[in-house]
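With our numbering applied, the sequence shown corresponds to residues 67 to 325, in that order. Where a beta carbon is used, it is the ideal one built from N, C-alpha and C, also for glycine. From a predicted model like this one, the values you see are computed outputs, not experimental measurements. Okay, structure first, notes after.
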Amino acid sequence: YHDPAVDPATLIDKKRKIPVPPDYPILSDGDLKRVEDALVHAAVLAWKAGFDFVDLKQCHRYLLSELLGAKMREGEYGGSLENRTRLVRNVIGRIREATDDQLLLASRMNVYDGIPYKANPDSNEGIPREPYPIPYRSGFGVDEQSPLKEDLTEPLAVVGLLREAGLQMINVTMGSPYYNPHVGRPAEKAPIDAYETPEHPLYGVARHFRCAAAIQQAYPDLNIVGTGYSWLQQYLINAGAANIRDGRVTIVGSGRGAL
């Protein structure tokens with residue numbers, strides 16, 4: 067679907083700074099059914115090759131993440147929460163059936179998309195792309211009246227649906243590396259092609275911790291992997307131990323730190 071807030075921040079030609087045009091073709095319901103088939107096929111191949119689990123990516127505004135926020139899309143995969151989770155729920159059920167329920171199913175999932183940012187031309191600090199509409203219906207887990215804040219009502223409901231469908235692990239994440247990298251990756255130094263962070267990295271770390279804890283405490287029997295620890299560097303261990311001790315996560319994720 068075409069997103070009035072995100073399309074202008076999405077470049078189809080990065081070199082020439084050309085954003086997505088209004089008439090750019092979108093995936094049909096039939097296309098998404100074929101995506102469903104492809105995801106199931108790939109998971110079965112992984113299982114046959116001896117892998118223990120697969121990660122169903124619902125993060126960083128890639129396809130399945132974009133569907134979670136597809137409130138303005140028409141058809142079978144947009145509008146209601148049931149429709150927006152249709153593809154991933156179908157995929158989970160079909161993978162379980164095709165693998166005799168022997169494959170661990172995990173998902174890295176955005177619980178807060180945030181809004182698009184851009185660089186202030188004078189300072190290079192990140193500022194919201196404006197104007198953005200209120201109510202803000204372009205993101206998942208976003209407070210529609212105050213989109214700089216998260217609203218976990220729908221993410222909590224989706225986690226419940228996925229748990230019921232058979233998902234066993236969720237890595238809580240947020241944001242997009244393309245239009246608000248400071249949300250997903252709290253950092254002191256910006257990537258070479260990005261704006262300077264508009265907030266102290268600790269605010270970003272706290273947002274990650276707060277959202278992961280809300281999911282874990284709502285579903286204490288579900289394996290929740292926390293994110294956003296890397297900026298803490300040597301204090302990652304202390305923060306991670308505290309979060310596990312207090313039942314705020316099951317597992318501490320440190321992928322970027324490991325790299």
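Comparing alpha carbon positions, the residue from T76, G306, P85 closest to R276 is G306.
Listed in chain order, the non-local C-beta contacts of V110 below 6 Å within the same chain comprise A164, local neighbours out to five positions each way being set aside. If you compare the alpha carbons of I281, E220, A260 with that of K184, the shortest gap goes to A260. For secondary structure counted as the beta strand (DSSP E) over 3 or more consecutive residues, the segment 281–313 holds these complete runs in sequence order: 289–292.
Per DSSP, the continuous beta strand (DSSP E) segment holding S173 begins and ends at 170–178.
The C-alpha of I181 is placed about 14 Å away from the C-alpha of T263. By the 16-neighbour rule on beta-carbons within 10 angstroms, Y143 is buried. It is roughly 10 Å from the alpha-carbon of L134 to the alpha-carbon of S146. C-alpha of V225 to C-alpha of P74: approximately 30 Å in a straight line. Under the 8 Å Cβ criterion, the segment 204–224 does not count as touching the segment 94–105, having fewer than three qualifying pairs. For the pair L298 and G96, the Cα-to-Cα distance works out to about 45 Å.
By the C-beta density criterion, M175 is buried, having at least 16 other C-beta atoms within 10 angstroms. The C-beta separation of I236 from I310 comes to about 16 Å, leaving the pair out of contact by the 8 Å criterion. Nearest in C-alpha terms to L268, of all of D166, V101, G250, is G250. Rounded to whole angstroms, A71 and P199 show a C-alpha spacing of 8 Å.
The alpha-carbon of I92 is positioned some 37 Å away from that of I317. DSSP links V318 through a beta bridge to G292.
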